[in-house]
Amino acid sequence: MILSAEAGLAGVIGWPVRQSLSPRLHGYWLQRHGIDGAYVALPVRPSDFSAVLQCLPRMGFRGANITVPHKEAAASLVADLDETARGAGAVNTVVAGEAGRLQGRNTDVEGFLDNLDAAVPGWRQRTRRAVVIGAGGAARAVGYGLVQAGIDEIVLCNRTRERAETLAKGFGRQATILDWEARADGLEDTDLLVNTTTQGMVGNEPLDLSLVRLPTAALVTDIVYKPLLTPLLAEAQRRGNPTVDGLGMLLHQAKAGFEAWFGTRPVVDDRVREFVLGQADSNR
Ligand code: ATR
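Using the working numbering, the letters of the sequence shown map in sequence onto residues 6 to 289.
So this is what it looks like as structure tokens:
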């Protein structure tokens with residue numbers, strides 16, 4: 006695609022950002038829709054983040070995705086937050102509005118919910134108790150999504166209990182804490198299990214969690230997508246549990262930003278999924 010001088014600009018800000026699949030994803034959608042626009046990776050150190058964020062609209066960017074480790078910092082730097090970003094305490098998408106004023110959104114919440122909705126229609130009605138492993142930035146978005154979905158009982162289980170307690174306070178009375186030591190027994194009567202830690206990712210140990218007590222009807226999902234089949238999902242499948250991998254969350258969270266910056270609502274389908282995974286070329 007040859008860009009004109011009026012090409013729309015967006016990107017992803019992270020440190021490091023080399024591992025991000027977002028440029029490939031947005032690049033695919035730009036090409037598929039024939040849009041005069043570019044989406045680039047912007048490696049920005051934490052110490053430079055504030056200055057870069059301020060400059061973004063002044064440099065003609067329509068906005069950006071914000072990724073690790075800047076999501077919480079973005080929530081404190083951007084004055085205009087939508088309800089989801091405020092609730093999750095993290096921003097993953099900024100959109101330049103009038104006079105270059107940035108609006109902060111959290112589309113990870115929508116990404117998490119849309120991914121499950123697309124893969125397992127009816128999961129909301131069938132989920133009474135959900136167990137969330139982890140209490141970092143990703144757990145915030147997942148927990149807030151479960152609150153939005155109206156799940157009765159949201160159980161937070163983290164190696165460091167205090168972090169889970171802090172998170173639970175923000176979620177109100179639906180949220181309770183499960184001690185890390187009791188995590189295996191705590192899976193009884195659970196309808197949905199979500200791993201939000203980085204355990205199971207390439208280069209990390211598998212999540213240390215026995216599924217013996219988990220009902221085989223429970224849905225198991227992982228936010229890790231490298232590998233797609235994490236040890237947790239492989240074990241769940243072996244037992245007969247339905248599973249949803251984490252790539253869909255990445256794809257679905259990207260829709261709202263693309264639409265805001267480039268004016269077209271993109272579609273998440275098998276073609277884009279295969280392309281992002283490197284299993285297909287962009288002309289398919
Ligand atoms: P993110 O913002 O991407 O979620 P994070 O804030 O670093 O990243 O959170 C990582 C999560 O993985 C945390 O819940 C962390 O637990 P702690 O709060 O106890 O650090 C969890 N985690 C990391 N390594 C872990 C391990 N070896 N076993 C269990 N949980 C782990």
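Backbone N, C-alpha and C fix where the C-beta goes; we use that ideal spot for every residue, glycine too.
Could you give the C-beta distance for residue i and residue j, rounded to a whole number, given that I count them as a contact under 8 Å?
i           : j           : result
residue 98  : residue 71  : 7 Å
residue 201 : residue 139 : 4 Å
Is residue i helix, strand or coil by DSSP?
i           : result
residue 274 : coil
residue 83  : coil
residue 3   : With the chain represented from 6 up to 289, any question about residue 3 goes unanswered, as that position is not in the structure.
residue 58  : helix
residue 217 : coil
residue 120 : helix
residue 48  : strand
residue 137 : strand
residue 280 : helix
residue 171 : helix
residue 227 : strand
If you drop the 5 nearest sequence neighbours on each side, which residues of the same chain put their C-beta closer than 7 Å to that of residue i?
i           : result
residue 292 : Since the first residue shown for the chain is 6 and the last is 289, residue 292 is missing from the structure and cannot be characterised.
residue 45  : 16 and 28
residue 216 : 192, 240, 241 and 244
residue 221 : 244, 245 and 246
residue 206 : 229 and 231
Just grab the DSSP bridge partners of residue i for me.
i           : result
residue 67  : For residue 67, which the question treats as bridged, DSSP gives no partner whatsoever.
residue 110 : 98
residue 19  : 48
residue 182 : 161
CA-CA distance, residue i and residue j?
i           : j           : result
residue 134 : residue 250 : 20 Å
residue 147 : residue 195 : 16 Å
residue 158 : residue 284 : 39 Å
residue 1   : residue 102 : This structure leaves residue 1 out entirely; the chain is present only between 6 and 289.
residue 165 : residue 186 : 11 Å
residue 48  : residue 235 : 27 Å
Do we get a CB-CB distance below 9 Å when we pair residue i with the residues of chain C?
i           : result
residue 192 : As a matter of chain content, chain C is missing from the structure shown, which is built from one protein chain.
Just checking residue i against ligand 2 - is the residue's beta carbon closer than 8 Å to any of the ligand's heavy atoms?
i           : result
residue 163 : In terms of ligand content, the structure shown lacks ligand 2 and carries ligand 1 instead.
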